[in-house]
Amino acid sequence: MNENDKINFDFVKEINEPGVYQLLFPKKEVGLAVMVLFEKIEDKSLPDGKFVEKDLHNAFAQISKPNERYPKEIYSEHIKDLQEYFLDYNQETQKYYFKDYAHRFYAYAKETLKGNFSPTHIEKICSHLTASLKQRESLEDLKFWLKSEFKKYKPDLREQVDFLDRQIIESVNKLKNNTTNSDKKFIDLLRKVESNLDKAQEQSRELAAAYSETKVIRSILEKREDTDSEADDLIADVHFFIKYLNERLDSIDGKLDRIQPKIRHLFSILNRPQFNSKIEKFLHFLLDKSTVTSKKETLLPKVVENPILHIDTPNFTIVERERELFPSKPKKRVSYKSNKVKIEENTQSILKVLTQQDLIKKWEQYIIAEIELRGSIDLSETFFKIMEETNDGQIAVSAIYSSIQQARKSKNFDFKMNKTKQTNSKIEHISLWKMNIQKI
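With my numbering as the guide, the letters of the sequence shown map in order to residues 868 to 1307.
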């Protein structure tokens, strides 16, 4: 089947169809009833994970408002709706059991609220993905890894970052929503929040260490040379996801760096009245317990060490030195010799750079002249031509890049590129996407 023959799936359109969204994401009382049944399955109250209609009615009754009864018809309508994505029914045994979507719905909600942080689990996943990727020798095996295996673990890799982010938000919200007037209670809450944020910072470091294996994955994918346009797009998605994880971790570190100084500032503000009170009590203690001697000296209480307020000035004998009798020794003048070897090295380095710039300019002029003369130029082929003649990658890259920039800025040229790889038998280990510039 050609790509053009594939039916495009419009997710927003499909979920916007009448009734679809409500069936996928049921009303609160219906969703809670589903959770009640899953908890009963977890604690073995419902053997084999199967249940009858009465169990469903009991679950609805359990989460319904107190002193309010619902007609059986309403429960029956809820059960009918749940049979689309959540429930399956066995006619022979007359029992219900949950479909896969319901299991995912329950497990993800519980995992999200539980917030089970486990960098060790993430590290094992990353190590497993790396080992599996190394075994994917053929292009089809690589595509399977990109489409299925890596995609399978993406939610696990992402949820740990979500957990840390949510932990910080919840800690800050506790402070915002605190309505008590007691400074002591607020300080206790502040200490708990500070401890949670310190823990989140440590967990962020642990998670970053667990994700370090993704650098190996990225390196392996970058070295693959047997890819096609489809594989290249899938690899780009992996790179984007890894970059997304790193950016999320950087964002979390940034939040902690901004919040923690504010927490310490709050501590200082709340502790200041207590500190001032202690200072005042100490001053009263000194005034009450200190005594004055006949020499008008103040003696502090025995528990306080008396400071030395005055020290007699010592007598020094000063001997003046006569400059005429004891002249200073003349300083030896140091002469510096020029390093001819270094001068020559620096000169050659500058000349090399100037020569490179001249060659880059000449190749830029050559490319523009070819476009004017022939109407277009193959930039990939020109890159390898420059490499053959100069054996200098810097010149080739700079000339091609500068030409692309000129083409994009000019209204007279059109730059085009596709993901067909171009190689040259004389230039090993280098491949380019096909690029050309046409005159409009």
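Even glycine gets a Cβ: it sits at the ideal position worked out from N, Cα and C. Bear in mind the structure is a predicted one, so any value in this text is a computation, not a measurement.
Task: Contact under 8 Å by Cβ, Asp1006 with Asp1095 - done: At residue 1006 the sequence reads Leu, which differs from the Asp that was named. In contact: Leu1006 and Asp1095 (Cβ atoms closer than 8 Å).
Task: Separation of Leu913 from Lys1090, as counted between CA atoms - done: 53 Å
Task: Spatial neighbours of Lys907 in its chain, beta-carbon cut-off 7 Å, leaving aside the 5 residues before and after - done: Leu913
Task: Rounded separation between Glu870 and Asp1100 - CA only - done: With a pLDDT of only 46 at Glu870, under the threshold of 50, the placement of this residue in the model should not be trusted; the figure read from the coordinates follows. Each residue's alpha carbon lies about 15 Å from the other.
TODO: State the start and end residues of the unbroken alpha helix (DSSP H) segment that holds Leu1207.
DONE: Checking the sequence, you will find Lys at residue 1207 rather than Leu. Per DSSP, Lys1207 belongs to the alpha helix (DSSP H) from Lys1207 to Arg1241.
Task: Ala1075 beta carbon less than 8 Å from that of Leu1116 - done: yes
Task: Leu899 to Glu959 span [Cα, whole Å] - done: 28 Å
Open item on the list: Tell me the residue span of the beta strand (DSSP E) that contains Glu1295.
Closed with: Ile1294 to Lys1306
Task: Cβ neighbours of Gln1068 in the same chain (closer than 6 Å, five flanking residues each side left out) - done: Leu1123
TODO: Quick one: which unbroken alpha helix (DSSP H) runs of 4-plus residues sit fully inside the segment 940-987? Chain order, please.
DONE: 967-981
Open item on the list: Considering only the alpha carbon of each residue, which of Glu920, Leu949 and Lys921 lies closest to Val887?
Closed with: Leu949
Open item on the list: Starting from Thr1257, trace the alpha helix (DSSP H) in both directions and tell me its first and last residue.
Closed with: Leu1246 to Thr1257
TODO: May I ask you to report which of helix, strand or coil DSSP gives Leu1166?
DONE: strand
TODO: Determine the contact status of Asp955 and Tyr963, defining contact as a CB-CB distance below 8 Å.
DONE: yes
TODO: Have a look at the DSSP bridge pairing and note the partners of Phe1280.
DONE: Lys1306
Task: Bridge partners - Lys1288, DSSP secondary structure assignment - done: Trp1300
Open item on the list: Quick test of your reading: Lys1258 and Lys1283, contact by CB under 8 Å. State the CB separation rounded to the nearest angstrom.
Closed with: One detail in the question is off: residue 1258 reads as Asn in this sequence, not Lys. In fact, because the Cβ distance is near 28 Å, the residues do not count as touching under 8 Å.
Open item on the list: Looking only at its chain, what residues have a beta carbon closer than 8 Å to the beta carbon of Met868, apart from the 5 residues adjacent to it on each side?
Closed with: Any reading at Met868 is ruled out, since the residue's pLDDT is 43, under 50, leaving its predicted position unreliable.
- [ ] Can you tell me the Cβ-Cβ gap for Glu951 and Leu890, rounded? I've got them flagged as a contact below 8 Å.
- [x] 5 Å
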